[in-house]
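When we follow the working numbering, the leftmost residue of the sequence shown carries the number 897, and every step to the right adds one. In what follows, a single structure is set out as structure tokens and then discussed.
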Amino acid sequence: MGLKITNLSLNLDEGGYKIIVGYGIGSVLGQSMGKGGNKVAVITHPRIGRLYGNEVMESLSKAGFAPIVFQFPEGEQNKTLAHAGKIYDFLIQNRFERSSTLLALGGGVVGDMTGFVAATFLRGISYVQCPTTVVAQVDAAIGGKTGVDHPKGKNLIGAFHQPSLVFVDPSKLATLPEREYVAGLAEIVKYGVIYDAALFAFMEARAEAILKRDKESLLHCIKRSIEIKAEVVEKDEKESGLRKILNYGHTFGHAIETVTHYKKYKHGEAVSIGMMAAAEMAYRLGTGSLEVVNRQRALLQGLGLPTRFPKLALADLLRVLESDKKVVGGKVYFVLPEKIGSVSVQKIERGPIRKILRDICLN
Ligand code: GLY
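Printed below as a string of structure tokens:
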């Protein structure tokens, strides 16, 4: 039986790119990248390199590329300018040129870092995203947000730089540890709440199958999430309006991650709790409904995601919320759900934020 491949696309005024999706499509990666010949550097972690490096290198070589590999240690703590500097050194040593390409093989850290180096090396070269985690396949690898962290905050240094191709093979998710897999599902629930009631209902009906990594259910969720992400980015590439909705659950989620020093929660777990806090806030402010709170909680819990706000110091949370990129004129903006499938972006004063945090932190 041949490979079943779906070609999605993200279309922008200055050219777009293909997002190729399908199980076991690794062997056609090289040929999807066009005419061989140019230099390609595969940027990855040792663990991912061991799992999928050979397949990618073979596919690139068969298509006429001469790929080389750069590996750096796994973990958000390594998404730094210092590691980006090591990649620049490697590219210079290997005489990379404007026509050369980088290929990110891994999760969000590899993708963000590779994209950032591609955005800045020789004032910009092309790069391909091969995401291997749920979060990266449905979100981080698409849309051109690239960057590295600064000791004072996540993604404080970065650039918008779109990839030239995104290659999504959900069979790569088979090797993801359970906790990491489940955490990634929070981002798919996010798309349901912000944009697509049918996707949300599909997840409600198929939660068990999704948890068992059932191929067909997972493929549907991934494809639909990518379509939504592409549509939103096409309408607002640089996040001046609509794209903000992709931050649903992330304002509270980011605060929780920062206050717990990125050690206690995976990103998706913090987003899950953040989405519950946002739904609760919308309900209390009178713009959202109890139905959203209840259905969202049931789905997140059914998928094994945390929904209860941890007991954290209010002062710490407020300090982080107020230093976030999402602060405008002293007010923090939140993405709040009106109903399943529809959200709005609202600027909220310190008073109501303090009140809701006090209530939910104590629950
Ligand atoms: N992950 C949010 C965005 O790409 O805008």
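Here a beta-carbon is modelled for each residue, glycine too, at the ideal position from N, C-alpha and C.
Can you give the Cα-Cα distance for residue 1084 and residue 1119, rounded to whole angstroms? 10 Å
For the structure I just gave you, are there three or more beta carbon pairs, one from the region 1195 to 1207 and one from the region 1162 to 1178, closer than 8 Å? yes
Let me check you understand the geometry: is the CB of residue 1129 closer than 8 Å to at least one non-hydrogen atom of the ligand GLY? yes
For the beta strand (DSSP E) holding residue 1190, just list the boundary residues, first then last. From DSSP, residue 1190 is part of no beta strand (DSSP E) but of the alpha helix (DSSP H) over 1186 to 1198.
Residues near residue 1143 in its chain [Cβ-Cβ closer than 6 Å; skip 5 each side]: 1231
The beta strand (DSSP E) that contains residue 1234, what's its start and end? 1227 to 1235
How would you call residue 1211, buried or exposed, if buried means at least 16 neighbouring beta carbons within 10 angstroms? exposed
CB residue 921 to CB residue 899, shorter than 9 Å? yes
Report buried or exposed for residue 1003, applying the criterion of at least 16 other Cβ atoms within 10 angstroms of its Cβ. buried
Closer than 8 Å: is that where the CB of residue 1050 sits relative to any heavy atom of the ligand GLY? no
Return the Cβ separation of residue 1024 and residue 987 in integer angstroms, given the expectation that the two are a contact with Cβ distance under 8 Å. At roughly 15 Å, the Cβ-Cβ gap does not stay under 8 Å, so residue 1024 and residue 987 are not in contact.
Can residue 1036 be considered in contact with the ligand GLY, in the sense that its beta carbon sits closer than 8 Å to one or more heavy atoms? yes
Comparing the CB of residue 1143 with every heavy atom of the ligand GLY, is any distance shorter than 8 Å? yes
Within 9 Å, strictly: CB atoms of residue 1034 and residue 1080: yes
Between residue 1230 and chain C, is the shortest Cβ-Cβ distance under 9 Å, so that the two count as touching? The question asks about chain C, but that chain is absent: this structure has only one protein chain.
In chain order, what are the residue ranges of uninterrupted alpha helix (DSSP H) at least 4 long that sit wholly in the region 909 to 994? 925 to 928, 942 to 958 and 977 to 989
Which same chain residues, not among the five before or five after residue 1016, have their C-beta less than 6 Å away from its C-beta? none
Check whether the Cβ of residue 1153 lies closer than 8 Å to any heavy atom of the ligand GLY, and answer yes or no. no
Where residue 1050 and residue 974 are concerned, what is the direct C-alpha to C-alpha distance, given to the nearest angstrom? 11 Å
Residue 1006 and residue 944: beta carbons closer than 9 Å? yes
Which same chain residues, not among the five before or five after residue 1094, have their C-beta less than 6 Å away from its C-beta? none
So, do the region 1097 to 1108 and the region 1242 to 1259 have three or more beta carbon pairs nearer to each other than 8 Å? no
Going by the C-beta, is residue 1139 closer than 8 Å to any heavy atom of the ligand GLY? yes
Nearest to residue 1206 by CA position, among 1251, 1242 and 1151, is which residue? 1151
So the beta strand (DSSP E) residue 1023 belongs to, where does it begin and stop? 1022 to 1027
Taking 8 Å as the cut-off, is the beta-carbon of residue 1041 closer than that to any non-hydrogen atom of the ligand GLY? yes
Rounded separation between residue 909 and residue 1131 - CA only: 10 Å
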